[in-house]
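In the numbering used here, the protein residues as written are 1142 to 1661.
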């Protein structure tokens, strides 16, 4: 499923019209899709009060169509016109013919009537502004949306359904007007818009529904930003032939852990094992090996020289060099810490391309990423492809900007960084983004507070490493790993709630997610 800008969407609609698909048909399908979602969120629409907020453009037309369907299905519909409509507006005439009450709020004297309608509404449909020109929300539009936000704060709050996107949300950037309301459901048409996944706009979207309104999918074939979908992941998962052995599913070497972050090594190794890697080996500070061996019985170990107890020393590089050729994937960084000798070890490893040529895939997380930020023009010294998995703070350090700036332009920053660095970049967080040097990108439509706890990122890195070991490309391993990880988080949260979930809870859920995908 492609993700589009406003200009791209308008171009796609124009191409659809050129193929003989009328704008009237698209509007009819869009309005019906909104009405259908309203009917599904309520036990029954019969007798329920629905208030449709109608703006001046096509978005308002979609709302009028939705109101007509809901009236025909038995709902008590009110339409609030916040701007004049054309005299020949067929959808407005149809509403009037059905006896739907029309509140002319833009005339200024009917706000009391609007207040009565909104105070009794079970559902509010926001059809004020779509993907057209962005401007500050003022006047009657501002008053109406402020009232919407006020009633949404009540105990018996109405359900707010946004048409295409919440009014005041920039469909390209995710920036929001101060009056932009928090939707419970956003029904977007044809293709999801970029701004729905960028913050702060993503917080306003609620549950995102992508409605097929009859636009041919091939019209977006040249667009290089896509959602990660269940079907795409299912088709990309590695095969498990009956005559396989452990070597068939790849060998992962994890260099991780330190005295303060022992658990990071455990979580990364188990993440790789739980998605099917054939062999996982942990290279860690020698004094930590007995501790981890009592917990991690299924993996093998390479004890490495220490700078001090539980801290990897710079001399570890010579030991590791002898082992790299035995593995398909190297995962480096989880919980290593920033002791000067550990940092020196990481720098020596990453800036010597001859050492890294032995492994087919390199994945850098946590302290490996933090160490890169200390190397001027590190991407010129790390002369090979790799997967980087920074969270927003780590990404900010790599770029020399603030985490806030990263969050405000997550998609464009990830794409640009992947291109400039020549690496696959996984920007973690709500709606995780995976981008490659060609600037092709995939977005995971998932925001789960259950995953906002220590160690879940280590699990993700291990998952990506385990998939890469089984032969997936860097892009596929990263994107599939992100999806499996987030879906495991959803399964755990469904059982436990979103508070108190810990990283180890994800591990047994991972094979269940894979099993469900293969069986569906």
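For each residue, glycine too, the CB sits at the ideal point set by N, CA and C. These numbers were taken from a predicted model, which means no experiment stands behind them.
Worksheet item: Going along the chain, which unbroken runs of the alpha helix (DSSP H) with 4 or more residues stay wholly within the stretch 1471–1537?
Response: Listed in chain order, the complete alpha helix (DSSP H) runs (minimum 4 residues) inside the stretch 1471–1537 are 1481–1491, 1494–1497, 1508–1513, 1519–1522.
Discussion item. For a test of the three-state rule: what should DSSP assign to residue 1212, helix, strand or coil?
Written reply: Note: residue 1212 maps to helix in three-state DSSP.
Worksheet item: What is the DSSP secondary structure of residue 1621, counted as helix, strand or coil?
Response: Residue state, collapsed to three classes: helix.
Worksheet item: So residue 1438 is in the alpha helix (DSSP H); what residue range does that whole segment cover?
Response: Unbroken run through residue 1438: none, as it is neither H nor E.
Discussion item. With the cut-off set at 8 Å, would you say residue 1198 and residue 1223 are in Cβ contact?
Written reply: no
Worksheet item: Can at least three beta-carbon pairs, one atom from the stretch 1292–1312 and one from the stretch 1267–1284, be found at a separation below 8 Å?
Response: Yes, the stretch 1292–1312 is in contact with the stretch 1267–1284.
Worksheet item: Within 10 angstroms of its Cβ, does residue 1204 collect 16 or more other Cβ (buried), or is it exposed?
Response: Flag for residue 1204 reads buried.
Fill in: Among 1373, 1243, 1546, the one whose alpha carbon lies nearest that of residue 1316
1546
Worksheet item: Name the DSSP beta bridge partners of residue 1266, please?
Response: Answer is 1193, 1302, bridged to residue 1266.
Fill in: Pick from 1652, 1644, 1623 that is closest to residue 1370, judged by C-alpha positions
1623
Worksheet item: When DSSP labels each residue in this structure, what does residue 1640 get in the three-state scheme?
Response: In the three-state reduction of the DSSP assignment, residue 1640 falls in the coil class, being assigned neither a helical nor a strand state.
Worksheet item: Can you give the Cα-Cα distance for residue 1352 and residue 1328, rounded to whole angstroms?
Response: 7 Å
Worksheet item: What are the start and end residues of the beta strand (DSSP E) that includes residue 1364?
Response: Per DSSP, residue 1364 belongs to no beta strand (DSSP E) and is neither H nor E.
Practice prompt. Give, in chain order, every unbroken run of the alpha helix (DSSP H) that is at least 4 residues long and sits entirely within the stretch 1541–1615.
Written response: 1544–1549, 1551–1562, 1597–1610
Practice prompt. With a 10 Å radius around its C-beta and 16 neighbouring C-beta atoms as the bar for buried, classify residue 1269 as buried or exposed.
Written response: buried
Fill in: Extent of the continuous beta strand (DSSP E) to which residue 1282 belongs
Going by DSSP, residue 1282 is part of no beta strand (DSSP E) but of the alpha helix (DSSP H) stretching over 1280–1293.
Worksheet entry | Proximity below 8 Å, CB of residue 1506 to CB of residue 1602 | yes
Practice prompt. With a threshold of 16 other CB atoms inside 10 Å of the CB of residue 1387, please say whether the residue is buried or exposed.
Written response: exposed
Discussion item. Just to confirm my understanding: we take residue 1658, look at its own chain, exclude 5 residues before and 5 after, and list those with CB closer than 6 Å. What are they?
Written reply: Apart from the 5 residues on each side of it in sequence, residue 1658 sits with its Cβ closer than 6 Å to the Cβ of 1375 in its chain, given in chain order.
Discussion item. Among 1240, 1355, 1207, 1227, whose alpha-carbon lies nearest the alpha-carbon of residue 1157?
Written reply: If we check each option's Cα against that of residue 1157, 1355 comes out closest.
Practice prompt. Using the Cα positions of residue 1504 and residue 1282, report the straight-line distance between them to the nearest angstrom.
Written response: 49 Å
Item to complete: Identify, in the order they occur along the chain, each residue of the same chain with its Cβ nearer than 8 Å to the Cβ of residue 1498, setting aside the five sequence neighbours on each side.
Response: 1525
Worksheet entry | residue 1243 (DSSP reduced to helix, strand or coil) | strand
Fill in: Assumed close pair residue 1172, residue 1416 - CB separation to whole angstroms, cut-off 8 Å
The Cβ separation is near 43 Å, so there is no contact.
Discussion item. Using CA atoms only, rank isn't needed, just tell me which of 1406, 1420, 1438, 1418 is closest to residue 1429.
Written reply: 1406
Worksheet item: Using DSSP with H/G/I as helix, E/B as strand and the rest coil, what is residue 1410?
Response: Annotated three-state conformation of residue 1410 is helix, per DSSP.
Worksheet item: Roughly how many angstroms separate the alpha carbons of residue 1512 and residue 1473, rounded to a whole number?
Response: 11 Å
Discussion item. In the DSSP output, which residue or residues are listed as bridge partners for residue 1371?
Written reply: According to DSSP, residue 1371 bridges with nothing at all.
Fill in: Rounded separation between residue 1190 and residue 1349 - CA only
23 Å
Worksheet item: Taking the Cβ atom as the reference point for each residue, do residue 1300 and residue 1264 lie within a distance shorter than 8 Å?
Response: Pairing residue 1300 with residue 1264 gives a Cβ-Cβ distance under 8 Å.
Worksheet item: Is residue 1649 buried or exposed, if buried means 16 or more other CB atoms sit within 10 Å of its CB?
Response: exposed
Fill in: In DSSP terms, what residue 1317 is bridged to
The partner list for residue 1317 (beta bridge, DSSP) reads 1310.
Worksheet item: Hey, residue 1145 and residue 1345 are a contact pair by Cβ (cut 8 Å); roughly how many whole angstroms apart?
Response: Incorrect: roughly 19 Å between the Cβ atoms, too far for contact.
Worksheet item: Relative to the alpha-carbon of residue 1393, which residue among 1500, 1292, 1169, 1425 has its alpha-carbon at the smallest distance?
Response: 1500
Worksheet item: Roughly how far, in whole angstroms, is the beta-carbon of residue 1323 from the beta-carbon of residue 1293, given that I think they are within contact range, below 8 Å?
Response: Indeed they touch by this definition, with Cβ atoms about 7 Å apart.
Practice prompt. Output the distance between the C-alpha atoms of residue 1163 and residue 1154, rounded to the nearest integer angstrom.
Written response: 9 Å
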